[in-house]
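Report on one structure; see the data block that follows.
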């Protein structure tokens, strides 16, 4: 009996990078040895936002959510012993995508690689950054120009590289409905294709279209998510054919990678996350018609902190068991002709088309950024309300809460902790790099880079030259900021409502009563210090506080501790709340507390929210933080009552 023919499995990836380039290189080589077939690089926030590790905004952020890459020396160390010509590398990088690709190409050339054979992807999706993740730098127009520059460069010089990865992953993390995720991602793709259409010969444009890939989220409602993927396939084919005239079906193929949903991973009973991750993976592998080209799975303990190598290995094994032990890859599509699936796909497509029509009426994705952001904040508020009200069941959170203590979190807490000395060591290496390089060559390369940007030329050749000259990430970022300027995206808070949730009337009454005692309305400052752009939590706190009757001060992401304390002083706020999800809570909160004391407002209560291990929470409370909230604190009205109580108590103490 002959063995059945098996399809080739998808790429197995693990999103990884932390501490230093050398430490991350060890992790990559270890993961590859365990059967991972592609790399997915996580960069730290200074690298993502174009700052060097010694910039004031980088304090506390170096090596936390990814690897710091400040210059070509770091990139060499990151891929030491890994032949780039034989690798498929995904780099989650957006505002600085052109720069990191330039460093990658420069290192590949040093390795003797044929650059034309390099395979991989840069995410390079700025519109999504404006809407959900926050690592944008430049205004929309020059940002689209930079995306087009990368696309044109890849088409001509690195033809197997995907120059743009339309990322709907973070849209779902920000609360998007399936219809919004479909429409907002497709609108972004159209905006990019419209920008790059004139960059290549018209006859070659269909092939460039084929290099646009997608990075998608898969949530726990796996039937809906699987149908969403089939809807993506149909809608992308439709857009490529009808809007852009791409006749060859293989150039219209919807190619996507996926990381399954991290939003639904819980701090409570975290062992349950293993099942969630597996179920979410089914949505992107079961349907052959809409199967992912690459899959990376989060670890079970991501709601607690940074996963360890073992945790990443566990998620990798989940993929390998699905691909090699089951018979999934021996069959065609399991859902073709299923009436329930077909009906759901058509419903999703209709909803996405209606949303796309609204975006078109506004003038396209860039013109609709404010609208899309407000819709995401509103959708996330509705999602949270359903969880608070018990309409959406989350096991271990709002139902079935009684449980045995998890042995998985015993001992060291089940997470990787980045050594605080890493940042100082990285800064020392960076300063030594600057001192040792040919300074004149670096200055000349920076001048050439600025000249190319001002002239409207493609910045990629000048960026590759700058990489080889030893220019740093911060210097590249500063040059681009000088030419293109900076941008602050809309917060989406002003037009969103949290809807009546739980005991909102009781909270409003408490706010009114306390405001009366204080002699003015409770004023609450919500701040995001450092470079963490994951603003979903801060936005929902700001919306709920406003809907409870408080006066809210929220100016968005990426503020220095000095700016936050200055705002607290100028606005005479009653309570300050900080949201930090990047792991940089200890240094940033400490600095805010020190500055509040120096400014004479130490009596103003400070509360902090984020992914904060218990030991760090105790440290923060000892330092003077009034309350610490983590993902398990999902009852926003409870938090609002805490803020009322803190404002009241501080006023009484002052009196």
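In our numbering, the protein residues as written are 10 to 664.
Beta carbons: idealized from backbone N, C-alpha and C, even for Gly.
Keeping to the same chain, check which residues put their C-beta closer than 6 Å to that of residue 373; ignore five residues upstream and five downstream.
-> In chain order, 200 place their CB closer than 6 Å to the CB of residue 373, counting only its own chain and leaving out the 5 sequence neighbours on each side.
DSSP on residue 55, reduced to helix/strand/coil?
-> helix
So the beta strand (DSSP E) residue 221 belongs to, where does it begin and stop?
-> Its beta strand (DSSP E) spans residues 221-227.
Buried versus exposed, by CB contacts within 10 Å (16 or more), residue 79 = buried
What is the residue span of the alpha helix (DSSP H) that residue 356 lies within?
-> 348-371
Complete beta strand (DSSP E) runs within the region 271-332 (minimum length 3 residues, chain order) | Fully enclosed beta strand (DSSP E) runs of 3 or longer: 303-305.
Considering only the beta carbon of each residue, do residue 47 and residue 98 sit closer than 8 Å?
-> Taking a C-beta distance under 8 Å as the contact criterion, residue 47 and residue 98 qualify as a contact pair.
Report yes if the CB atom of residue 659 is closer than 8 Å to the CB atom of residue 624, and no otherwise.
-> no
Measure the C-alpha to C-alpha separation of residue 110 and residue 220 and round it to an integer number of angstroms.
-> The C-alpha of residue 110 lies about 16 Å from the C-alpha of residue 220.
For residue 185, I'd like the list of residues in its chain whose CB is within less than 7 Å of its CB, leaving aside the five on either flank, ordered along the chain.
-> 193, 385, 388
Are the region 406-416 and the region 267-285 in contact at 8 Å, needing three or more beta carbon pairs?
-> yes
Spatial distance of residue 568 from residue 65 (CA atoms) = 11 Å
Kindly list the residues whose CB is nearer than 7 Å to the CB of residue 551, restricted to its own chain and excluding five residues on each side of it in sequence; keep chain order.
-> 502, 535, 561, 563
Taking the Cβ atom as the reference point for each residue, do residue 263 and residue 218 lie within a distance shorter than 8 Å?
-> no
What residue ranges within the region 521-590 form continuous alpha helix (DSSP H) runs of no fewer than 4 residues, ordered along the chain?
-> 545-556, 570-580
Of the residues 485, 531, 22, 470, which one's Cα is nearest the Cα of residue 158?
-> Out of 485, 531, 22, 470, 470 has the C-alpha closest to the C-alpha of residue 158.
Could you pull out every residue in the same chain whose Cβ sits closer than 7 Å to the Cβ of residue 650, ignoring the five residues on either side in sequence?
-> 516, 519
Measure the C-alpha to C-alpha separation of residue 207 and residue 284 and round it to an integer number of angstroms.
-> 47 Å
If you count every other CB in all the chains shown that lies within 10 Å of the CB of residue 62, and 16 or more means buried, which is it?
-> Its Cβ being crowded by 16 or more others within 10 Å, residue 62 is buried.
Those runs of the alpha helix (DSSP H) which lie wholly inside the region 152-177 and span at least 4 residues | none
Span of the beta strand (DSSP E) around residue 592 | It is not in any beta strand (DSSP E) - residue 592 carries neither H nor E in the DSSP assignment.
Any idea what DSSP makes of residue 60, helix, strand or coil?
-> coil
Nearest candidate by alpha-carbon position, reference residue 496, set 426, 378, 415, 183 | The residue with the shortest Cα to Cα distance from residue 496 is 378.
Assign residue 394 to one of three DSSP states: helix, strand, or coil.
-> helix
Look at the alpha carbon of residue 165 and the alpha carbon of residue 256, and state the distance between them as a whole number of angstroms.
-> 22 Å
Selection from 35, 132, 60, 72 that minimises the alpha carbon distance to residue 89 = 35
Under three-state DSSP, which class holds residue 479?
-> coil
Alpha-carbon spacing of residue 288 relative to residue 453, whole angstroms = Distance between the alpha carbons of residue 288 and residue 453 is about 53 Å.
Taking residue 253 as part of the beta strand (DSSP E), name the residues at either end of that continuous run.
-> Counting along the chain, residue 253 falls outside any beta strand (DSSP E), and DSSP gives it neither H nor E.
Alpha carbon to alpha carbon, what distance is there between residue 316 and residue 169?
-> 32 Å
Using CA coordinates, which residue listed in 19, 657, 633, 632 is at the minimum distance from residue 293?
-> 19
What is the residue span of the beta strand (DSSP E) that residue 97 lies within?
-> 97-101
Using 8 Å as the Cβ pair cut-off and three pairs as the minimum, do the region 126-145 and the region 477-491 touch?
-> no
How big is the Cα-Cα spacing for residue 546 and residue 75?
-> Straight-line Cα distance between these residues: approximately 21 Å.
In whole angstroms, what separates the C-alpha of residue 617 from that of residue 538?
-> 11 Å
How about residue 371 and residue 296: are their beta carbons less than 8 Å apart?
-> In this structure, residue 371 keeps its C-beta atom at 8 Å or more from the C-beta atom of residue 296.
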